[in-house]
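For reference, the structure is listed below as C-alpha cells.
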Amino acid sequence: MKKIWLVIQREYLTRVRKKSFIIMTILGPILMALVYGALIFIAVSEEEKEHVVMVVDSSPSHFSDGLRDYNQHRPNSKLQLIWKYDDYFQARDSIFNEAYSSILYIPRDPVAHPRGMYLSFKDRPSMSVKSALEIELEKLIEEQKLIQYNLDPNIFDSVRVKINLFEKRIKESAGGLEEEADFSDQKFFLAFGSSMLIYIFILLYGIQVLRGVMEEKTSRIVEVMVSSVKPFQLMMGKIIGIAMVGLTQFLIWVIFSGIVVTVISAVFAPSLMEQISSGSLETQAEIGGLDVSSLLNVFNMTDFTVMISLFIFYFLGGYLLYSSLFAAVGSAIDYESDSQQFMMPVTLPLIFSIAIAQFVLKNPEGTIAKICSFIPLTSPIVMMVRIPFGVPIWEVLLSALFLIGGFIFTTWIAARIYRTGMLMYGKKITYRELWKWLFYKG
Amino acid sequence: MSSEYIFRAEYISKQFAGHTALNNVSISVPRGKIFGILGPNGAGKTTLIRIINQILAPDEGKLYFNDEPLSPRHISSIGYLPEERGLYKKMKVGEQVLYLARLKGLSLTEAKEKTKKWFLRFEMQHWWNKKIEELSKGMQQKVQFISTVLHEPELLIFDEPFSGFDPVNAEQIKQEIIRLRTEGATIIFSTHRMESVEELCDHIALIHKSQKILDGSVHNIRRAYRTQQYEARISGNTDLIRTALTPKATLLHEHAEQDEIILTLQAQDGVSSNEILQSLLQHAEIHYFSEKIPSMHDIFIQKVTQGKE
Chain A
1333 MKKIWLVIQR EYLTRVRKKS FIIMTILGPI LMALVYGALI FIAVSEEEKE HVVMVVDSSP
1393 SHFSDGLRDY NQHRPNSKLQ LIWKYDDYFQ ARDSIFNEAY SSILYIPRDP VAHPRGMYLS
1453 FKDRPSMSVK SALEIELEKL IEEQKLIQYN LDPNIFDSVR VKINLFEKRI KESAGGLEEE
1513 ADFSDQKFFL AFGSSMLIYI FILLYGIQVL RGVMEEKTSR IVEVMVSSVK PFQLMMGKII
1573 GIAMVGLTQF LIWVIFSGIV VTVISAVFAP SLMEQISSGS LETQAEIGGL DVSSLLNVFN
1633 MTDFTVMISL FIFYFLGGYL LYSSLFAAVG SAIDYESDSQ QFMMPVTLPL IFSIAIAQFV
1693 LKNPEGTIAK ICSFIPLTSP IVMMVRIPFG VPIWEVLLSA LFLIGGFIFT TWIAARIYRT
1753 GMLMYGKKIT YRELWKWLFY KG
Chain B
418 MSSEYIFRAE YISKQFAGHT ALNNVSISVP RGKIFGILGP NGAGKTTLIR IINQILAPDE
478 GKLYFNDEPL SPRHISSIGY LPEERGLYKK MKVGEQVLYL ARLKGLSLTE AKEKTKKWFL
538 RFEMQHWWNK KIEELSKGMQ QKVQFISTVL HEPELLIFDE PFSGFDPVNA EQIKQEIIRL
598 RTEGATIIFS THRMESVEEL CDHIALIHKS QKILDGSVHN IRRAYRTQQY EARISGNTDL
658 IRTALTPKAT LLHEHAEQDE IILTLQAQDG VSSNEILQSL LQHAEIHYFS EKIPSMHDIF
718 IQKVTQGKE
C-alpha cells in the first residue's frame, strides 16, 4: 500500500506542477467566463438596431388602428411602427429614400384572409422583431374575430388555458402511499449535466492515463519500476493519481467559474433584465428561467445527498473502469500512431452511452434505458441520466454491483495486458496476441 | 542467513507463446562474489534476470533468496539495472533518485542522505535540480546506476552495465562494482562481452539456446578447459629443440619474430611444465614461458559453436 501511495504522489505532483496544468487550470475558467460573457454580450447588444415598419393598411375598417399605440406601450421595443402611405406601391417606391426598412401590407379583409398580409423589406428584420409583429397581428385578429362572433374577450381569455402538467410520483412507503412533486425540467437539466460531466471527465483523464502509460513504456523506465513495484500497483497508482489531478482541476474550475460568472452576471444582469422585461428576449428569458437555485427546492436534503453520493459513485466507477482499459491499451502499443486502432473499442461504448443519453432523457424508464443502466460500460452515464427521475433502489444496487464487478474485471484484464505489454517492444500487436497475454502465468 | 549461496534458481523453465525462453536452467550464486550470466544475444539471459527480479514468473522451477522461497519482500534486498535504461525524462534528477529509492523501502531522510553521498562521490551535486532530459546519455546512465545501488541491496543485478558508457566512465563503474563487492554485496551481471568477464567475474553460467551449457568458477572452468599447450619465446635452434622435446611434447607451431622464436607446444598427458622447461633449457635461451590457458572468450566461442553442430 505504501508503494501505491508513493506512485500516486508522484503521478499527482508531477502533473500538478506542470506548466500546462497550471495554465489550463487558470485559463479554463477564464475561457468559460469569456464564452459566458460573450453570450450575454451578444444577447444584450445584438438587437440594438431598431427596425421601422411602414404599415400600409388597405382595409376599410382600418384594421391596423389597434396597433397605433404599440410604441407608446412598449418604448423599448425594437419594432417601430409608422403610418404614412395608403398605397403599397407608393410605399415601395420610397423605401430607399425614407427611413423605414419594411412594409407591412394589410389587405382589405385581414380578419377573413389573414394570409393576405405580407412583409416586404429592404433590410431583413430579426427573428424577434418579426415574431413580435406576428404576435401583435394575431392578437388583433383574435379580438376582431371575437367581436364578429359576439364573444366577450374576457370570457375567451378565461377559456384559453395553457397546460403545463404538474407531475407527482406515487411511492409506497411504510406509512402507506406517498406522493412527491416531480420537477421534470430541472431534473432534465441535472441528468444531462451530471452525465455530461462524467463523460468529459472519463475521456479527458482516461486519455491522460493512456499517455502516462505510454510515456513509461517508451522511456523504458518501466523495467526499473516493475522491479520495485508490482505492475498492478504501478497501474493503479497512476490511475488514482490522475483521477486526483482531474478532481483538483475540476474543483478549481468550479470555484473559479463560480466567482467569475457571479461577477460577470452582476455586471451584465441589470441590462439583461431590462431586455427581458421589454419582451424582446422572451426565449432567452425562458431558458434563463431555469434557476439553478430552484434545483435545491426540487429535492429535499436527503435526496440531494443520495444524488450527490450516487454521482460520485458512478463518476469514480466509470472513470476507474475506463481508465484501466486505457492503461491496457497504452501498455500494448509502442507508438502513439497505433493508439487510434486500439482506443476505438474503448471509446466506442463511451460515445455510444452519451449518444443514447438523449433517448434516455426522453424516456428514462424505457427498455433500452434499463438495459444500458445495468451494463457496466454504459451504466455510469445512462444510470446517471435516470437517477434524477427516480430509479427503484434494487435497480441502483444491481447496477452499482455490476459496475463494481465490471471494474474489478476490467482491471484484472488490464493488469494482465499491462504486465506483458509493458515489456514487449517492437512487436506488432494483434487482438489475438492480447488474448494470449491474459493467460500468461505470473 | 549466511549460507554459501545468496541466490539459487532450480530447474527454471519459461515459455512464451510457442517458444521456450528458458529450459530447465539452474544457477547458484555464491555470496559476496561476482557472478556472470553469459550468452549470445537471445539466449535467454534477460528472461532469467527478469525472473530473478520477479518481473516474470517461471512456468516451472523454484527460486530461493537466502534459502527462503523468493517473494516480493525480497525486492528491497535486490537492485536491478536493466539493459534497456530509462528514467522519467521530465523529472528532476534528485526527485527521480529519491522516488526510486523510496520505492525500494527507504525512508525519505535515509534516501536523501544516501543520495547526497553518492552524488558527491560521482561529483554531480549540481545536477539535483536538472531534468533528466537535460543530461547527456552518459550522465543519465550514472543517475540510473546510483538509483540501482542506493538502497544498498545485498544482491545487485546489472544487465550489460558498461553499454552506453565511454571508457573513462566504464572504468569508474567497474571500480564501483568491485568496491561494492568488497563491501559485501553479491553481484550478478549479464554480458556478452567476454573481456569484462575475466576481469570481474568469480563465477559464471553460460546460457545458450535457453539452456545452461556451462557453469562454475572462472578459475575452475579455465583449468578444466586446459589443453596442455604452452607458449615459449626463445632464441636457439629449433631443430635441436624438437628432438629434445620428443616424446614429451610436440611442436605445434613456430614462427620467428625479430630475434625471437615463438613456439607453441603440445605436451603429452602426464608431462609437467617443468619437464618441458628442462628440455628447452638445454638448447635455448628462454625469454618467456607460459601455459596457454584458454580465455573465457575462447571457451565461450567453443561452447557456443559446439552447440550448433
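So the protein lines, in turn, are chains A and B. When we follow the numbering used here, the leftmost residue of the first sequence carries the number 1333, and every step to the right adds one. When we follow the numbering used here, the leftmost residue of the second sequence carries the number 418, and every step to the right adds one. Glycine included, every Cβ here is placed at the ideal spot set by N, Cα and C. All values reported here derive from a predicted model rather than from experimental measurement.
- With respect to residue 1338/A, residue 516/B sits close: the two C-beta atoms are nearer than 8 Å.
- Three or more Cβ pairs drawn from the stretch 544-561 of chain B and the stretch 577-594 of chain B lie within less than 8 Å of each other, which places the two stretches in contact.
- In the three-state scheme derived from DSSP, where H, G and I count as helix and E and B as strand, residue 545/B is classed as coil.
- Partner residues in the beta bridge of residue 495/B, as assigned by DSSP, are 572/B.
- Using a Cβ-Cβ cut-off of 7 Å, residue 499/B is close to 1555, 1556 of chain A, given in chain order.
- Pairing residue 467/B with residue 1367/A, the inter-Cα distance amounts to about 54 Å.
- Chain order gives the chain A residues near residue 521/B as 1560, where near means a beta carbon separation below 7 Å.
- Within its own chain, the residues whose Cβ lies closer than 6 Å to the Cβ of residue 602/B, once the five positions on either side in sequence are excluded, are 573, listed in chain order.
- If you ignore the 5 residues before and after residue 682/B, its C-beta comes within less than 8 Å of the C-beta of 646, 647, 648, 649, 662, 666, 667, 668, 669, 693, all in its own chain and listed in chain order.
- Across the structure, residue 713/B and residue 459/B are spaced so that their CA atoms are roughly 19 Å apart.
- The C-beta of residue 1335/A comes closer than 8 Å to at least one C-beta of chain B.
- Contacts with chain B at 8 Å (Cβ-Cβ) do not include residue 1637/A.
- Per DSSP, reduced to three states, the secondary structure at residue 447/B is strand.
- For residue 683/B, the uninterrupted beta strand (DSSP E) segment begins and ends at 677-684.
- If you draw a straight line from the Cα of residue 1742/A to the Cα of residue 1365/A, it comes to about 38 Å.
- Under the three-state reduction of DSSP, residue 691/B is assigned to helix.
- The DSSP-derived three-state label of residue 1420/A is helix.
- The beta carbon of residue 1721/A is closer than 6 Å to those of 1519, 1696 in its chain, skipping five residues each way along the sequence.
- Counting along the chain, residue 633/B sits inside the beta strand (DSSP E) bounded by residues 628-634.
- If you draw a straight line from the Cα of residue 1656/A to the Cα of residue 420/B, it comes to about 44 Å.
- Annotation: the continuous beta strand (DSSP E) that includes residue 1389/A extends over 1383-1389.
- Note on the stretch 1472-1536 of chain A: whole alpha helix (DSSP H) runs with a minimum of 4 residues are 1485-1491, in chain order.
- Counting C-beta pairs with one atom in each stretch, the stretch 1382-1392 of chain A and the stretch 1434-1451 of chain A have three or more that are closer than 8 Å, which means they touch.
- In the DSSP assignment, residue 652/B is bridged to 702/B.
- Under the three-state reduction of DSSP, residue 1431/A is assigned to coil, being neither helix nor strand.
- Taking a C-beta distance under 8 Å as the contact criterion, residue 1692/A and residue 1717/A qualify as a contact pair.
- Taking 3 residues as the minimum length, the stretch 1539-1575 of chain A contains no beta strand (DSSP E) run wholly inside it.
- Residue pairing for residue 1450/A: DSSP places it in a beta bridge opposite 1437/A.
- In chain order, 499, 501, 502, 503, 504 make up the part of chain B whose C-beta sits under 9 Å from the C-beta of residue 1552/A.
- In this structure, residue 1491/A keeps its C-beta atom at 8 Å or more from the C-beta atom of residue 1383/A.
- Residue 1688/A is positioned such that its CB atom lies no closer than 8 Å to that of residue 1707/A.
- Of all residues in the stretch 1338-1372 of chain A, the ones placed with a Cβ closer than 7 Å to any Cβ belonging to chain B are 1338, 1342, 1346, in chain order.
- Interface annotation for the stretch 544-557 of chain B against chain A: empty, criterion Cβ-Cβ distance under 8 Å.
- Across the stretch 424-443 of chain B, CB contacts with chain A closer than 7 Å involve 434, in sequence order along the chain.
- In this structure, residue 451/B keeps its C-beta atom at 8 Å or more from the C-beta atom of residue 632/B.
- Approximately 45 Å separates the beta-carbon atoms of residue 620/B and residue 654/B; this is outside 8 Å, ruling out the contact.
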